[in-house]
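First to last, the sequence lines map onto chains A and B. Offset between the first sequence (1-based) and our numbering: plus 427. Offset between the second sequence (1-based) and our numbering: plus 4. From the three backbone atoms N, C-alpha and C, an ideal C-beta is built for every residue, glycine too. Model, not experiment: these values are computed from the prediction.
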Amino acid sequence: DAGVIQSPRHEVTEMGQEVTLRCKPISGHNSLFWYRQTMMRGLELLIYFNNNVPIDDSGMPEDRFSAKMPNASFSTLKIQPSEPRDSAVYFCASSRGNEQFFGPGTRLTVL
Amino acid sequence: GIQVEQSPPDLILQEGANSTLRCNFSDSVNNLQWFHQNPWGQLINLFYIPSGTKQNGRLSATTVATERYSLLYISSSQTTDSGVYFCAVRFGSSNTGKLIFGQGTTLQVKP
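Right under this line is the structure:
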């Protein structure tokens, strides 16, 4: 199994630009999670989907953030417009009920 | 509030030494995972252990759910064990949902 796949691995952009992060979960997993890791706040959940339906988006910081899961094998996290304080590592994880498995993360830098 | 607390926050060991990392949580859990975040930022699954004891090579873990803590044991530590160890829990009874991460224990193993 290829594991959770994320792209891009690194993204550098300028303030105000739109950023789209992508995730392919492990085949057969029905839950998908987007987490963000920063030095100040550690690892925190942004949003999670169960069977492609958003279940809990209480961690999404503000309206500039949006996430979609159009099918069982793909999800996007979009930031528009991006700000320097969005700089962080964004992880996608998937699970089939219990144990969660994480992708390699996308390191986002907003200048 | 709901909390996950890890101790110690930092640990320095000489290669070959043993160590115990602790995770305390504030409520009943139905999922507890230990992760190792290596120096390249990857989150590697160590154990899925909501209760009981498991062993994998030099690592073992024990969760005493009724007393709300989990322990991760590292024996004969190696320099490749360096990194941050996270405990993450899912509270409640649902078999889906977000993980709440502790702040981690940063381990440095010196040769």
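Requested in this report: Determine the contact status of residue 108 of chain B and residue 88 of chain B, defining contact as a CB-CB distance below 8 Å.
Outcome: yes
Query raised in the report: From B:32, B:23 and B:65, pick the residue whose C-alpha is nearest to that of residue 14 of chain B; which is it?
Result: B:23
Query - Whole runs of the beta strand (DSSP E) within the region 9–36 of chain B, excluding any shorter than 3 residues - result: 14–18 and 23–29
Requested in this report: State the start and end residues of the unbroken beta strand (DSSP E) segment that holds residue 511 of chain A.
Outcome: Per DSSP, residue 511 of chain A belongs to no beta strand (DSSP E) and is neither H nor E.
Query raised in the report: Is the shortest distance between the beta-carbon of residue 121 of chain B and the beta-carbons of chain A less than 8 Å?
Result: In the structure displayed, chain B extends from 5 to 115; residue 121 of chain B sits before or after that span and is not available.
Requested in this report: Would you mind giving the Cβ-Cβ distance between residue 497 of chain A and residue 442 of chain A, rounded to the nearest angstrom? I have them listed as a contact below 8 Å.
Outcome: Contact flag wrong, Cβ pair sits at about 28 Å.
Query raised in the report: Taking a cut of 7 Å between CB atoms, which residues from the region 29–54 of chain B lie near chain A?
Result: 35, 37, 45, 46, 47, 49 and 52
Report task. Please state whether DSSP places residue 143 of chain B in a helix, a strand or coil. Result -> One cannot answer for residue 143 of chain B here, as it falls past the ends of chain B, which runs 5 to 115.
Query - Neighbour list for residue 105 of chain B in chain A, Cβ cutoff strictly below 7 Å - result: 469 and 470
Requested in this report: Given a cut-off of 8 Å, decide if residue 458 of chain A and residue 521 of chain A are closer than it, judged by their beta-carbon atoms.
Outcome: yes
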